[in-house]
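Numbering (this note's numbering), first residue to last: 5 to 371.
Cβ atoms here follow ideal geometry from the backbone N, Cα and C, with glycine treated the same way.
Beneath this line is the structure, given in structure tokens, with notes to follow.
Written as structure tokens, this is what we have:
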């Protein structure tokens with residue numbers, strides 16, 4: 005009888021357990037406190053601006069040139085209407101707007117190439133997929149298509165093959181191959197590519213949006229896709245202006261916002277990184293490692309001395325906060341926001357999505 009009863013109750017126990025997990029906020033094994041984590045919104049709504057959707061932004065960054073032109077037009081109208089009300093807005097100038105429509109027409113023209121292209125880095129892979137017709141791309145770097153939160157499968161599926169650093173069979177095309185490598189690429193890989201006849205190109209890591217635009221245009225010149233590259237740069241600039249304009253109309257409330265990388269230890273982002281540039285742009289750079297190109301560990305006590313009202317945690321999966329951190333933030337009613345670390349550390353046109361997330365948080369805490 006008891007066995008039959010157990011069998012009967014098992015499905016209900018499973019369902020009850022599942023729902024308890026679904027609504028579980030956070031606790032530490034030894035902590036009496038619970039913390040609710042906030043997340044960036046997927047769409048920015050405002051009575052002063054057209055809605056801005058993160059997925060739509062991502063779609064445009066894949067090389068959807070009609071959507072690029074549509075969004076730039078919407079943002080320009082938003083800025084124009086606010087200027088008519090006496091606001092000073094950032095926007096592309098009239099010459100740039102006219103050039104965009106010329107570039108849009110030219111970007112739809114297919115071009116024959118004298119080279120095939122092998123992107124050995126995620127940075128070059130994301131740019132080549134947006135700028136170059138896929139038949140000219142030999143393969144993608146191993147692991148690239150697994151980052152689905154950043155690169156949609158419809159984007160990465162344009163190219164069939166993947167290549168790891170030690171098996172370069174698909175790196176070379178039938179035409180001469182131009183390989184986009186990194187300064188830190190393994191010497192053996194570089195030697196192998198050269199022996200196979202590849203021409204190597206390397207780019208430094210951009211640490212500002214302006215530097216990112218410069219490198220996009222360089223890739224455009226090397227691939228004979230200067231029009232598409234320039235159109236993508238205009239889009240990134242127009243999106244940045246739109247986000248800055250939103251924060252000007254709905255500014256961040258007074259109080260300190262701390263940005264922390266949350267791994268096994270807490271650390272500050274380097275000032276001389278794209279994340280550092282974003283935080284400066286949005287006036288959220290209360291906690292960056294000055295003059296640094298890398299993360300700098302920080303003690304909880306140092307963070308608390310800044311008396312933050314909100315903390316942005318850059319994490320991969322669940323945050324690894326200690327009992328001490330949980331209790332300290334809970335006792336001080338600190339609002340905790342979670343953002344995806346892989347996206348924040350991405351260096352490509354998709355870095356714009358990281359800026360979107362930070363702006364979403366800033367607008368969430370705005371007036």
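Are the segment 118-125 and the segment 133-149 touching, with three or more C-beta to C-beta distances below 8 Å? Short answer: they touch.
Answer yes or no: do residue 218 and residue 94 have a C-beta to C-beta separation smaller than 8 Å? Translated into positions along the chain shown, residue 218 becomes position 214. Translated into positions along the chain shown, residue 94 becomes position 90. Not in contact: residue 218 and residue 94 (Cβ atoms no closer than 8 Å).
Provide the residue span of the alpha helix (DSSP H) that contains residue 249, from first to last. By one-based count along the chain shown, residue 249 stands at place 245. Its alpha helix (DSSP H) spans residues 230-253.
Extent of the continuous beta strand (DSSP E) run through residue 313: Here residue 313 corresponds to residue number 309 of the chain shown, with the count starting at 1. Its beta strand (DSSP E) spans residues 312-319.
Secondary structure at residue 123, three-state DSSP: helix, strand or coil? Numbered from its first residue, the chain shown carries residue 123 at position 119. In the structure shown, residue 123 sits in a strand (DSSP, three-state: E or B).
With DSSP run on the structure shown, which of helix, strand or coil describes residue 105? Numbered from its first residue, the chain shown carries residue 105 at position 101. In the structure shown, residue 105 sits in a helix (DSSP, three-state: H, G or I).
Quick check on DSSP: helix, strand or coil for residue 367? Locating residue 367 in the chain shown gives position 363, counting from the first residue. Of the three classes helix, strand and coil, the one that applies to residue 367 here is helix, per DSSP.
CA nearest to the CA of residue 297, picked from 270, 47, 211, 305: Here the question's residue 297 lines up with position 293 in the chain shown. Ranking 270, 47, 211, 305 by Cα distance to residue 297 puts 211 first.
Can you name, in chain order, every residue of its own chain whose Cβ lies under 8 Å from the Cβ of residue 174, other than the five neighbours on each side? Residue numbering aside, residue 174 sits at position 170 when the chain shown is read from its first letter. Around residue 174: 142, 143, 165, 166, 167.
Have a look at 150, 80, 305 and flag the residue whose alpha-carbon is nearest the alpha-carbon of residue 331. Taking the first residue of the chain shown as position 1, residue 331 is located at position 327. Ranking the options by Cα distance to residue 331, first place goes to 305.
Is it the case that the Cβ atoms of residue 317 and residue 266 are separated by a distance below 8 Å? Position 313 of the chain shown, counted from the first residue, corresponds to residue 317. Position 262 of the chain shown, counted from the first residue, corresponds to residue 266. Cβ atoms of residue 317 and residue 266: closer than 8 Å.
Can you look up residue 338 in the DSSP assignment and give me helix, strand or coil? Numbered from its first residue, the chain shown carries residue 338 at position 334. Residue 338: coil per DSSP, three-state reduction.
Under 8 Å between C-beta atoms of residue 69 and residue 112: Within the chain shown, numbered from 1, the residue matching residue 69 stands at position 65. Within the chain shown, numbered from 1, the residue matching residue 112 stands at position 108. Yes, they are a contact pair.
Assuming residue 260 is part of the beta strand (DSSP E), what are its boundary residues? Position 256 of the chain shown, counted from the start, is the residue given in the question as residue 260. Bounds of the beta strand (DSSP E) holding residue 260 are 260-266.
Beta-carbon contacts of residue 270 that lie in its chain and below 6 Å, excluding the five residues immediately before and after: The residue labelled residue 270 in the question sits at position 266 within the chain shown. So the list reads 264, 302, once near-sequence residues are dropped.
Would you say the segment 49-67 touches the segment 352-363, given that touching needs at least three Cβ pairs under 8 Å? Yes, since at least three Cβ pairs between the segment 49-67 and the segment 352-363 fall closer than 8 Å, the two stretches touch.
Mapping the DSSP letters down to three states, classify residue 362 as helix, strand or coil. Along the chain shown, one-based indexing puts residue 362 at 358. Residue state, collapsed to three classes: helix.
When 311, 365, 245, 67 are compared against residue 97, the one with the closest alpha-carbon: Numbered from its first residue, the chain shown carries residue 97 at position 93. Each of 311, 365, 245, 67 was checked against the Cα of residue 97, and the nearest Cα belongs to 245.
Integer Cβ distance of residue 343 from residue 52, believed to fall under 8 Å: The count along the chain shown starts at 1 and reaches residue 343 at position 339. The count along the chain shown starts at 1 and reaches residue 52 at position 48. At roughly 25 Å, the Cβ-Cβ gap does not stay under 8 Å, so residue 343 and residue 52 are not in contact.
Residue range of the alpha helix (DSSP H) that residue 73 falls in? Walking along the chain shown from the start, residue 73 turns up at place 69. 69-88 is the extent of the alpha helix (DSSP H) around residue 73.
With a threshold of 16 other CB atoms inside 10 Å of the CB of residue 188, please say whether the residue is buried or exposed. By 1-based counting over the chain shown, the position of residue 188 is 184. Residue 188 is exposed by the Cβ-count criterion.
Beta-ladder partner(s) of residue 184, from DSSP: The residue you call residue 184 lines up with position 180 of the chain shown. BP columns for residue 184 point to 123, 205.
Report yes if the C-beta distance between residue 310 and residue 287 is below 8 Å; otherwise report no. Here the question's residue 310 lines up with position 306 in the chain shown. Here the question's residue 287 lines up with position 283 in the chain shown. Against a cut-off of 8 Å, the Cβ pair of residue 287 and residue 310 comes out as no contact.
Are residue 72 and residue 235 touching if we call contact CB-CB under 8 Å? In the chain shown, residue 72 corresponds to position 68, counting from 1. In the chain shown, residue 235 corresponds to position 231, counting from 1. Contact flag set, yes.
Where residue 336 and residue 39 are concerned, what is the direct C-alpha to C-alpha distance, given to the nearest angstrom? By one-based count along the chain shown, residue 336 stands at place 332. By one-based count along the chain shown, residue 39 stands at place 35. The straight-line gap from Cα to Cα measures roughly 11 Å.
Where residue 357 sits in the DSSP three-state scheme: As a working mapping, residue 357 is identified with position 353 in the chain shown. Helix at residue 357.
Terminal residues of the continuous alpha helix (DSSP H) containing residue 158? Mapped onto the chain shown, residue 158 falls at position 154. Where residue 158 is concerned, the enclosing alpha helix (DSSP H) stretches over 157-160.
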